[in-house]
Amino acid sequence: MQSPVAERGPQSFDRVLSSMCTEPHPAARRAAERFLTTNPGDPATYTAIAELEHDAVAGLATVTGLTDAVDAETPTALAAHGYVTSGGTESNLQAVRSARDRAETAATATHDPVVVAPESAHFSFHKAASVLGVELRTVPTDDDGRADVDAAAAALDDDAVLLVGVAGTTEYGRVDPIPALADLAVDAGVPLHVDAAWGGFHLPFSGHDWGFDVPGVATVTVDPHKVGRAAVPAGGLLAREREALDALAIDTPYLETASQASLTGTRSGAGVASAAAALDHLWRDGYRREYERAMDLANWLADELAGRGLGVVDPELPLVAFDLPAATFEAVRERGWRLSRTGAGEARVVVMPHVSRESLSAFLADLDDLL
Ligand SMILES: Cc1ncc(COP(=O)(O)O)c(C=O)c1O
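See the structure below:
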């Protein structure tokens, strides 16, 4: 007989090195609890959470460099630039859907829509391609794990409806050359979607060009429930033009509002409220401090691992991939460390807000014991 749910708790984050989610900010946790019974999918009925979603989208617009939207005088116009999704998967799927459907109405419409993406793109693009009936054409990355611009250029033909760049890859934390990809996209007449689901809250401080300040970037995925420190579920989809979201809108006869652009109907008010609260508390200095802390820690960890003779992939964002013999990897996991591997087999540590110098020192001590 299992114990009652009331006596159970979630995992501790002490030994979690693999996850791209983290402990929510205390204000985000409180906001999530307060708005548990709301549904932002029906904004005319649940007006309080609809207002908070507006705030959250305004915050995400600032994070991604969509300054025109933030300055817009009419608040409803701002809401047309994005919404709080269930996560990066929904955001990526919706970006593909919007691009496919907008291309369908163009004079040059294709019957075989293709999405071109680097092979480093998150597996959510494979789901999107399968659900939406588009071909996902993946192209190689360079030796350092970033999208190969020449390979992307060669893959863009008349059937292409979208080019994808990743700003913070899931496996290595690499940032694709977004300005070069954006130029390509403009030349090919397709939108560029930037997947910054994980990297988006670090990138404003890292010196990369990655968001809407790069001309040609049409849509961006950025997830509050990852580095943004909101409660799950809170993803973000942002669009430069309101038409990109209008293309997603479906009539909703029995709701108080006339149409809905989100993929899911009923949505988590807890996620939306916690995203708004986290942004309110952490943008901009809180996120900047976390970027600097996590980057320092990632560089320190990389040095420590290299000092032990392990091959380390130089971190670009706070994610460290390194060689670890398979037996040691398993032994470390048996000691309770939640650690995952890249497709090529390296171990990867995601330096999330819950990962501290103390926890990494304990991890290294276990490694020393095992190696
Ligand atoms: C770059 C990237 N995109 C998309 C996703 C999917 O996000 P979610 O799991 O919130 O659907 C992830 C998840 O780790 C990711 O790293």
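So for the sequence shown, full-length UniProt numbering puts the first residue at 1; every next one is plus one. Every residue gets a Cβ at the ideal spot worked out from N, C-alpha and C, and that includes glycine. All of these numbers come straight from a predicted model, not from anything done at the bench.
query: Go to Thr328, then tell me how far its alpha helix (DSSP H) extends in each direction, as first and last residue.; result: Ala326 to Glu334
query: Taking the DSSP output, what are the residues bridged to Gly309?; result: None, per the DSSP bridge assignment.
query: Confirm the yes/no value for this check: CB of Asp176, any heavy atom of ligand 2, distance under 8 Å.; result: As for ligand 2, it is missing from this structure, which binds only ligand 1.
query: Pull up the distance between the alpha-carbon of Asp71 and that of Val96, whole angstroms please.; result: Residue confidence is low: Asp71 scores 48 on pLDDT, short of 50, so the model does not pin down where it sits. No coordinate-derived value is stated.
query: What do you get for His126, buried or exposed, if any count of 16 or more other CB atoms within 10 angstroms of its CB means buried?; result: exposed
query: May I ask whether a heavy atom of ligand 1 can be found less than 8 Å away from the beta carbon of Glu90?; result: yes
query: Going straight from the alpha carbon of Gly309 to that of Ala231, what length do you get?; result: 38 Å
query: Per DSSP, Phe322 forms a beta bridge with which residues?; result: Val312 and Ala347
query: Using 8 Å for Cβ pairs, my map puts Arg102 next to Pro113. What's the rounded Cβ distance?; result: In fact, because the Cβ distance is near 11 Å, the residues do not count as touching under 8 Å.
query: Can you list, in chain order, the residues of its chain with a C-beta nearer than 6 Å to that of Thr138? Leave out the 5 residues immediately preceding and following it.; result: Ala117 and Glu119
query: So does the region 239 to 247 actually touch the region 12 to 32, counting three or more Cβ pairs closer than 8 Å?; result: no
query: In whole angstroms, what separates the C-alpha of Ala109 from that of Phe363?; result: 54 Å
query: Does the beta-carbon of Met20, which I'm using as the reference point, lie nearer than 8 Å to any heavy atom of ligand 1?; result: yes
query: Write down the C-beta distance between Arg338 and Arg348 rounded to the nearest angstrom, noting that I regard them as a contact closer than 8 Å.; result: Contact doesn't hold; Cβ gap of about 11 Å is too wide.
query: Secondary structure at Asp251, three-state DSSP: helix, strand or coil?; result: strand
query: Do you know how far the Cα of Ala276 is from the Cα of Leu60?; result: 9 Å
query: Could you say which of Ala28, Leu17, Thr37 and Thr85 lies nearest to Ala261 if we only look at CA atoms?; result: Thr85
query: Using the Cα positions of Arg289 and Phe13, report the straight-line distance between them to the nearest angstrom.; result: 20 Å
query: From what residue to what residue does the beta strand (DSSP E) around Ala218 run?; result: Val217 to Thr221
query: Can you give me the C-alpha to C-alpha distance between Gly311 and Gly88, rounded to a whole angstrom?; result: 30 Å
query: Give the range of the beta strand (DSSP E) segment to which Glu135 is assigned.; result: Glu135 to Val139
query: Tell me whether Thr62 sits in a helix, a strand or coil according to DSSP, three-state version.; result: helix
query: Kindly indicate the opening and closing residues of the alpha helix (DSSP H) around residue 378.; result: The question about residue 378 has no answer, for the chain in this structure spans 1 to 371.
query: Can you confirm whether the region 145 to 155 touches the region 293 to 301 when touching is taken to mean that 3 or more C-beta pairs between the two stretches lie within less than 8 Å?; result: no
query: Using a Cβ-Cβ cutoff of less than 7 Å, which residues in the same chain neighbour Ala50 once the five nearest sequence positions on both sides are dropped?; result: Pro40 and Pro43
query: Out of Ala326, His281 and Gly271, point me to the one whose CA is closest to Thr37's CA.; result: Gly271
query: Should Asp195 be labelled buried (16 or more other beta-carbon atoms within 10 Å of its own) or exposed?; result: buried
query: Is it the case that the CB of His354 approaches a heavy atom of ligand 1 more closely than 8 Å?; result: no
query: Nearest to Val166 by alpha carbon, out of His193, Leu52, Ser259 and Ala160?; result: His193
query: Starting from Ala365, follow the beta strand (DSSP E) in both directions and report where the run begins and ends.; result: Counting along the chain, Ala365 falls outside any beta strand (DSSP E), though it belongs to the alpha helix (DSSP H) covering Arg357 to Leu370.
query: Could you pull out every residue in the same chain whose Cβ sits closer than 8 Å to the Cβ of Arg357, ignoring the five residues on either side in sequence?; result: Leu297 and Trp300
query: For Glu135, collect the residues of the same chain with a Cβ closer than 6 Å to its Cβ; drop the 5 residues on either side in sequence, then sort them by chain order.; result: Val114
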